[in-house]
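Protein chains in written order, with our numbering: chain L, 160 to 551; chain C, 92 to 226; chain A, 723 to 972.
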């Protein structure tokens, strides 16, 4: 353990340019949020039928990958895989950055973000949302303590214990995030016990992909690279995680297709959903699952190029998957009277139209930028980055 | 030694008075502090004395709103609509002016105190109810 | 709040004719309005209790396809105006045209907040702004709603609307504003005065009489009597929501 040395990022032109770019996107995001709050949500593509849009796609992605990003640290502290130890500190910081980024998108999209203090003081504990507020803030606190255990040599012996708490907390948090949708009894497109394990699988895939991408970015800004051994190991893990996500998606669709009352949902997404069908097959399955799986698990990997490309595809595929899940799930018409076709002035019985708007993209990307900024600046302030060992 | 201490005490005392005067805690006889020009309300008097209302009106409003929304208690004494019935002023033509418009009742004090009011993004700013009583 | 006047100071004969005349007028006013219900209207300073449970019965045979009087009445009652953006404009009650997939039979029903006994919107609200009043009416406490729209995702009837823009000219009895979610209140401001919801009144006035309002817990009320004698159903019965609004004739 003492043989691993850690350094902060170096203050270089490249480093500050990266921070600057992130800051610009963050400002754009804040401007977008301000516009949405002052004008009202009519300036977005979100409607009374599709109430959650692009901001939520980004927010859920960031929150889910935050949970998964901590997995690398868990592998080291909880599962005894000391070869992942060089990345543990970085993994904790990334988890914090991603979660804060995701939460800020959610808060800024609220109809009344000025009432955040109300949300922090009034709780309805039948709501999974209320539980999630504690799970998310608790996660930030636990990871902060976890990092402290890693940084302070006198506390190193507690890393395993706190790591275990963080690991269990992560599983509960991700279950809670999936259950936001999984507990919606009204909607056939969401109500399912499968969403909890699906989200856990997604967190592992997206979190590992983000660790590869952002870990490599911050080390390259310092003029170094991630150790090849670690990259290869993470690549293999990513391949398995991506396949596990596909497993849950497949089981969920097969189960739907088996029931006459639910087959419409899956037939819509898989066949007749227009944009959603296209995104599902091309974005989520081919580009987001099959191509990365082949690249990551196929032959023996020699260079990091295909690995990073796969990680990028997994991130893109994840965003697409959440778009299909969250927005497609709302666009599909909810049947109020079964056995009847419905039509009304409020677009009953038809697939709701949703066109994402610039403010939504601005806000979502702004959240991403905040996560990256927190991560980069954090590595400058404290020694998070593993030093290159001479043999590399 | 004693004189130094007394001198220090005098300076401290004077500066404290100066600060407190500046903060307006001790009323100064020649204060030219601007006070808000609040338009007079209709009717005899408010439901509570003015000093109590100035300090605590929001307590009445927020307590009443919970009783009304959750328990259906609609006593007019502390109802927001009741306030507006008396405190909305009329133009010469007989039209009501919104209580949160420039120079009107709620706005004058709230701008003076720099406290943002949340009520009127939702609540009517003039009496609109068919049964509202204008004294 | 109006109470029956006591005419004790007037001469007995005049009082008798006045009261008799009032009684006849009330009986002629609208079927389903009973003198007893008016007399028992709760006073302003008493909290609501679960002794009442307000409900609606909608007769789909009497509901005319193409008629939207209930919608217009609701909009007028609450100051709901369109902004030319039907996808984001608020709608508390809407007419849904139905066609049986198997038989082709067509009908039209009004769909509004069903005021469930087990409301999914109340379960999911993080702050507790979405709540069920003791007398069964499901409401949004707009003072603590943060505008997250989770209740809109959860509602099985798509009954809730989010206000997407600044509003002005609100009515005193219907405060509503940007950034907050709202839905049919069963005209709680009217019920608390002993009156009927605006949609029910409008349907009567139009001559269709498709909507009946009353107290589900009062076994003597027209609503409860109808519910126990004709076949009625909830929407989406498999969800076991125990709605206050029921439908008949389909």
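Glycine is no exception: its CB is placed at the ideal position from the N, C-alpha and C atoms.
Inter-residue Cα distance where the pair is residue i and residue j
i              : j              : result
residue 287(L) : residue 141(C) : 45 Å
residue 420(L) : residue 304(L) : 49 Å
residue 127(C) : residue 502(L) : 56 Å
residue 438(L) : residue 432(L) : 10 Å
residue 347(L) : residue 424(L) : 7 Å
residue 757(A) : residue 916(A) : Because residue 757(A) sits at a pLDDT of 43, beneath the cut-off of 50, its placement in the model cannot be relied upon, and the following sentence gives the value as read from the coordinates. In a straight line, the C-alpha of residue 757(A) is about 10 Å away from that of residue 916(A).
residue 327(L) : residue 350(L) : 24 Å
residue 215(L) : residue 774(A) : 41 Å
residue 405(L) : residue 444(L) : 8 Å
residue 340(L) : residue 847(A) : 13 Å
residue 369(L) : residue 175(L) : 20 Å
residue 182(C) : residue 172(C) : 19 Å
residue 909(A) : residue 918(A) : 8 Å
residue 179(L) : residue 528(L) : 10 Å
residue 180(C) : residue 217(C) : 9 Å
residue 971(A) : residue 786(A) : 13 Å
residue 764(A) : residue 183(L) : 59 Å
residue 205(C) : residue 150(C) : 18 Å
residue 137(C) : residue 174(C) : 9 Å
residue 753(A) : residue 799(A) : Summary for residue 753(A): the model assigns pLDDT 49, below 50, so the residue's position carries little reliability; its value from the coordinates is reported in the next sentence. Between residue 753(A) and residue 799(A), the C-alpha separation is close to 21 Å.
residue 205(L) : residue 125(C) : 47 Å
residue 779(A) : residue 956(A) : 10 Å
Any C-beta of chain C under 8 Å from that of residue i
i              : result
residue 826(A) : no
residue 882(A) : no
residue 892(A) : yes
residue 811(A) : no
residue 855(A) : yes
residue 861(A) : yes
residue 899(A) : yes
Check whether residue i and residue j have beta carbons under 8 Å apart
i              : j              : result
residue 398(L) : residue 455(L) : yes
residue 191(L) : residue 522(L) : yes
residue 823(A) : residue 498(L) : yes
residue 343(L) : residue 173(L) : no
residue 187(L) : residue 525(L) : yes
residue 156(C) : residue 914(A) : no
residue 245(L) : residue 386(L) : yes
residue 221(L) : residue 255(L) : no
residue 279(L) : residue 880(A) : no
residue 877(A) : residue 906(A) : no
residue 213(L) : residue 515(L) : yes
residue 965(A) : residue 792(A) : no
residue 208(L) : residue 809(A) : yes
Any chain A beta carbon closer than 8 Å to residue i
i              : result
residue 499(L) : yes
residue 263(L) : no
residue 212(C) : yes
residue 202(C) : no
residue 172(C) : yes
residue 248(L) : no
residue 315(L) : no
residue 493(L) : yes
residue 298(L) : no
residue 193(L) : no
residue 415(L) : no
Whole-number beta carbon distance between residue j and residue i, since they are thought to touch under 8 Å
i              : j              : result
residue 354(L) : residue 337(L) : 4 Å
residue 902(A) : residue 870(A) : With 8 Å as the limit, residue 902(A) and residue 870(A) do not qualify as a contact, their Cβ atoms being about 10 Å apart.
residue 531(L) : residue 181(L) : 5 Å
residue 118(L) : residue 470(L) : Chain L is shown from 160 up to 551; residue 118(L) falls before or after that span and cannot be answered.
residue 937(A) : residue 814(A) : About 22 Å; that fails the 8 Å criterion.
residue 782(A) : residue 829(A) : 5 Å
residue 472(L) : residue 450(L) : 6 Å
residue 812(A) : residue 885(A) : 6 Å
residue 162(C) : residue 770(A) : 6 Å
Min CB distance residue i to chain L below 8 Å
i              : result
residue 700(A) : Residue 700(A) is absent from the model: chain A starts at 723 and stops at 972.
residue 886(A) : yes
Residue i Cβ short of 7 Å to the ligand COA heavy atom set
i              : result
residue 227(L) : In terms of ligand content, the structure shown is empty, and the ligand COA therefore cannot be addressed.
Every unbroken beta strand (DSSP E) inside the region 202-260 of chain L [3 residues or more]: List check, beta strand (DSSP E) in window: nothing returned.
Only counting runs of 3 or more residues, tell me where the beta strand (DSSP E) segments fall wholly within the region 475-507 of chain L, in order along the chain. Listed in chain order, the complete beta strand (DSSP E) runs (minimum 3 residues) inside the region 475-507 of chain L are 499-503.
Any chance you could list the beta strand (DSSP E) runs of at least 3 consecutive residues sitting entirely within the region 859-912 of chain A, in chain order? Fully enclosed beta strand (DSSP E) runs of 3 or longer: 860-862.
Sequence ranges, beta strand (DSSP E) only - wholly within the region 820-859 of chain A, length at least 3: Scanning the region 820-859 of chain A for uninterrupted beta strand (DSSP E) segments of 3 residues or longer gives 828-834 and 852-854, listed from N- to C-terminal end.
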